[in-house]
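Q: Below are the structure tokens for one structure; questions will follow.
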Amino acid sequence: MQFRKYVSEDSIFLDRDFKTVREVHEFLSDEFSKDMGMERDTILGLLEEREQLSSTWIGHNTLLPHNHSPEIKGISMIFIRCGAPLVLGDGNRVKYIFSILTSGSNQDLYLGILQGIGKVIGKRSGELDNCQTPAEVLDILSDSSSTMGAPLTAADLARYWPRAKDTDTLSVAVDQMKRHNIYFLPVYSAKDGKICGVLDLLDLLKAGFPEYVFRLNNLSMLKDFQPVDYFWKNEANLKIGTYLRDYRPYMIRESITYPEIFFMMVKGNRRHLLVVDESGEMIGVINPNEIINKMLRP
């Protein structure tokens, strides 16, 4: 990515102070309108619209106001280093603001920058703090531009995920799912420490019935059966290993690109994918939230 095509010294601002996110959006709208030839209020509306979906706080003391619209030509970016931190309503402190507006036509670049900027700031925040001029900031961002503009891969979308052992009971699995608000668990072998299967909510529901139920031809016989009671009575004794499904259809390499990820999810009707490194070790799970928040509505 040729970063200097999209950011100049004139779009880098040092030691600016803001009291609210609205003030940030107003400042950005003023500056973007000068460069893009769009109405200030149109730009402000785009920034406000995206912020209303969910906060653009991305960690690393960074706020990432952004949006895309057919009205925008190309890509425009602004970087701001705050003089005093902007304190958000949830207590997070904003020290850096990186804003990007685009038509959305160059989706790989747009999504790559959105995912990469936080990593760059996280690694080089000390250098950014010591910059005295916009030119110095531009040098740092340009040096890191290959990281920001790279196409998204499975490694970018994967996040840490709870896991269980095959010797754990179903009660342990349900507690994990409840605690982390999930319904999918990778399961590791207690014997060799390697992944041996996955457990889905449907597998837990299956444990609510005795085996003979699945051989019945007349479902009316189930009308008085209480699967929750049956599950509660047995969950402390039933081992996860009994209910595992094959993990291999869920497994992908960390280098897989996002179009391939979409295809695998659709073709296999899978809502979760296990992401592994070159040695086969799991580095995380791609789940529906990551697809929504990092791809469809970043």
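Just so you know, we're using our numbering here: the sequence shown kicks off at 6 and counts up by one.
By construction, the Cβ of each residue, glycine as well, lies at the ideal position given by its N, Cα and C atoms.
None of these values were measured; they are calculated from a predicted model.
Pick out the complete beta strand (DSSP E) segments inside the region 6-62, 3 residues or longer, and give them in chain order.
A: List check, beta strand (DSSP E) in window: 17-21.
Q: Which word fits Tyr217, buried or exposed, when buried means at least 16 other C-beta atoms lie within 10 angstroms of its C-beta?
A: Per the 10 Å Cβ criterion, exposed.
Q: Under the DSSP definition of a beta bridge, which residues are partnered with His71?
A: According to DSSP, which records beta bridges pairwise, His71 is partnered with Ile105.
Q: Just list the residues that DSSP pairs Phe84 with in beta bridges.
A: In DSSP, Phe84 forms a bridge with Ile17, Phe103.
Q: Report yes if the CB atom of Ile85 is closer than 8 Å to the CB atom of Ile105, and no otherwise.
A: Going by C-beta atoms, Ile85 is not nearer than 8 Å to Ile105.
Q: Can the beta-carbon of Cys201 be found closer than 8 Å to that of Tyr188?
A: Their beta carbons are not under 8 Å apart, which means Cys201 does not touch Tyr188 by this criterion.
Q: Quick one: residues in its chain with C-beta nearer than 6 Å to the C-beta of Ser240, no 5 flanking neighbours on either side, listed in chain order?
A: The sequence shown places Glu at residue 240, not Ser. Taken in chain order, the residues that qualify are Leu175, Ser176.
Q: Count the other CB atoms, across all protein chains shown, that sit within 10 Å of the CB of Met226; report buried if there are 16 or more and exposed otherwise.
A: Answer is exposed; the Cβ neighbour count stays below 16.
Q: Can you tell me whether Ser81 is buried or exposed? The criterion is at least 16 other CB atoms within 10 Å of its CB, across all chains shown.
A: Counting Cβ neighbours within 10 Å, Ser81 comes out buried, since at least 16 surround it.
Q: Report buried or exposed for Leu5, applying the criterion of at least 16 other Cβ atoms within 10 angstroms of its Cβ.
A: Summary: the structure shown does not reach residue 5, with the chain confined to residues 6 through 303, and so no result is reported for it.
Q: Any idea if Leu207 is buried or exposed, counting beta-carbon neighbours within 10 angstroms, 16 or more meaning buried?
A: Burial call: exposed.
Q: Decide if Asn3 is buried, meaning its Cβ has at least 16 other Cβ atoms within 10 Å, or exposed.
A: The structure shown does not extend to residue 3, since the chain is modelled only from 6 through 303, so no value can be given for it.
Q: Report, in whole angstroms, the separation of the C-beta atoms of Ser74 and Leu51, which I expect to be a contact under 8 Å.
A: With 8 Å as the limit, Ser74 and Leu51 qualify as a contact, their Cβ atoms being about 6 Å apart.
Q: Which partner residues does Glu262 have in the DSSP bridge list?
A: With the sequence shown as reference, residue 262 is identified as Thr, and Glu is not the correct amino acid for it. For Thr262, which the question treats as bridged, DSSP gives the partners Thr158.
Q: Please tell me whether Asp148 and Gln120 are closer than 8 Å, where the distance is taken between their beta carbons.
A: Against a cut-off of 8 Å, the Cβ pair of Gln120 and Asp148 comes out as no contact.
Q: Based on the DSSP output, what are the partners of Phe189 in its beta bridges?
A: DSSP output for Phe189 lists Asp205 as bridge partner(s).
Q: Name the residue from Lys128, Lys244, Thr61 whose alpha carbon lies nearest to the alpha carbon of Ala195.
A: When only C-alpha atoms are compared, the closest one is Lys244.
Q: Please state whether DSSP places Pro139 in a helix, a strand or coil.
A: In this structure, Pro139 counts as helix in the three-state DSSP scheme.
Q: Apply the 10 Å Cβ neighbour rule to Thr138 and answer buried if 16 or more other Cβ atoms are within range, or exposed otherwise.
A: So Thr138 counts as exposed.
Q: Going by the CB atoms, is the gap between His65 and Ile102 shorter than 8 Å?
A: Cβ atoms of Ile102 and His65: not closer than 8 Å.
Q: In angstroms, rounded to a whole number, what distance separates the CA positions of Asp205 and Gly289?
A: Cα-Cα distance, rounded: 16 Å.
Q: What does the alpha-carbon distance come out to for the pair Phe236 and Phe214?
A: Cα-Cα distance, rounded: 7 Å.
Q: Can you give me the C-alpha to C-alpha distance between Gly94 and Arg27, rounded to a whole angstrom?
A: Roughly 12 Å between the two C-alpha positions.
Q: Quick check on Lys199: does DSSP put it in helix, strand or coil?
A: In the structure shown, Lys199 sits in coil (DSSP, three-state: anything other than H, G, I, E or B).
Q: Please report the straight-line C-alpha distance between Pro156 and Ile261, rounded to a whole angstrom.
A: The alpha-carbon atoms of Pro156 and Ile261 are separated by roughly 10 Å.
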